[in-house]
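Take a look at the structure set out below.
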Amino acid sequence: MSGATGSRLLSGNSRLIQEVEQKLASIFKSEAALILNSGYSANLAIFSSLPQRNDTILYDELAHASIKDGARLSLAKRFSFRHNDMNDLEAKLKRATGNIYVAIESVYSMDGDECPLEDLITLTTKHGAFVVLDEAHSTGTRGATGRGIATSSRSLKTVDVRLYTFGKGMGVHGACVAGSRNLIEYLINFARPFIYTTALTPHSIAAIDCSFDYLNKNIHLQSDLTENINSFLKGISAFPNRTASRSAIQTVIVPGNSNVREAASGLQEQGFDIRPIVSPTVPAGSERLRICIHTYNTLDEIVKLTEELKKL
Ligand SMILES: Cc1ncc(COP(=O)(O)O)c(C=O)c1O
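Here the sequence shown is numbered in numbering that gives the first Met the number 0, starting from 0 and rising by one per residue.
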């Protein structure tokens, strides 16, 4: 038997999971943490269970599909606001009813740009709204001990629900929600994507544990990544068709599904593992090459890639 055997609420719980959850709570500086099987199920868990009928969910228009799907499962009203646009968010906060949940990401998965967290906190505090921050693309890569962008004491206090995923920067699998003990108790008892599924396997839990130990011993990996990102940015600084990203997610816009597919396969033939992102995943006209910079990329590889991109 190598699986967890069942749901956490039946036979699937273990001392190992609880110990790793305590360790994650200390890494993410929260009262408690709850491991879920993936970031996708974590967002479903949060948005399907917390907001109630007559509450309002406001989400950034570029939020991940799992946030939008979670909001769809809720009985609350849901509206998007323009990407990173605090004026549009404020207009919608003024019209919102019930408890208000504002859903944002630290680093947006398709554009690689960051949310203006401090401005957003000022606004949501003024309107008494809860903040749900998805740190999928900053877990491990940003912040001391890999704790992402919500590191100031103000953000740790005011961001009510934080979501970290382990399948990206941490190189393993799974996710956790970090927040107050009340929040975690509530999710354990009401979040169906947590309750009605078999828990992660013990080796997945051990892998999460080891990945944070590894990062802790090799924290230089974060600055190695920043150096590689800066080298890439230097190489394409004169390139017009990009999003304003300083993260490991970089894009080059190549409008049209067939054009971007062709550009990606040309780069793949040169040995670069670069994928096209086509419409409707992104709006028509903003199809793009999505480039993920890694710690293990060499300077030669990065320079060669920027040279190839200039030929497009
Ligand atoms: C912002 C964001 N949240 C959640 C997820 C889902 O995480 P997971 O792959 O662990 O299901 C992703 C990507 O997959 C993502 O980009």
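By construction, the Cβ of each residue, glycine as well, lies at the ideal position given by its N, Cα and C atoms. Fair warning: this is a prediction, and the values are worked out from it, not measured in the lab.
Start-to-end residues for the beta strand (DSSP E) that takes in residue i
i, result
"Thr250", "248-252"
"Ala135", "Note, Ala135: premise wrong, no beta strand (DSSP E); not H, not E."
Assigned exposure category for residue i - 16 Cβ within 10 Å defines buried
i, result
"Lys91", "buried"
"Asp118", "exposed"
"Lys310", "exposed"
"Ala135", "buried"
"Phe46", "buried"
"His63", "buried"
"Gly178", "buried"
"Leu88", "buried"
"Ala283", "exposed"
"Ser25", "exposed"
"Leu35", "buried"
Residue i - containing alpha helix (DSSP H), residue span
i, result
"Leu92", "85-94"
"Tyr185", "180-189"
"Leu43", "38-48"
"Leu162", "Segment 160-164 is the beta strand (DSSP E) holding Leu162; no alpha helix (DSSP H) there."
"Leu9", "Where Leu9 is concerned, there is no enclosing alpha helix (DSSP H), given that its DSSP letter is neither H nor E."
"Gly234", "219-234"
"Thr150", "Element bounds for Thr150: n/a, residue is neither H nor E."
"Gln267", "256-268"
Which residues DSSP lists as bridging residue i, in chain order
i, result
"Gly197", "Inspection of the sequence shows that residue 197 is occupied by Thr rather than by Gly. Thr197 is not bridged to any residue."
"Ser79", "Tyr58"
"Val106", "Glu113"
"Pro192", "DSSP output for Pro192 lists no bridge partner at all."
"Cys291", "Ile248"
"Leu33", "Val176"
"Arg274", "Arg289"
"Ile120", "According to DSSP, Ile120 bridges with nothing at all."
Anticipated Cβ contact below 8 Å, residue i with residue j, distance rounded
i, j, result
"Thr197", "Gly111", "That belief does not hold up - the Cβ atoms of Thr197 and Gly111 are roughly 34 Å apart, past 8 Å."
"Leu186", "Leu33", "6 Å"
"Ile99", "Ala128", "4 Å"
"Ser210", "Gly147", "Not confirmed; about 15 Å, so no contact."
"Ser154", "Leu116", "6 Å"
"Arg274", "Ala263", "6 Å"
"Ser105", "Ile248", "Contact doesn't hold; Cβ gap of about 12 Å is too wide."
"Phe189", "Ser48", "4 Å"
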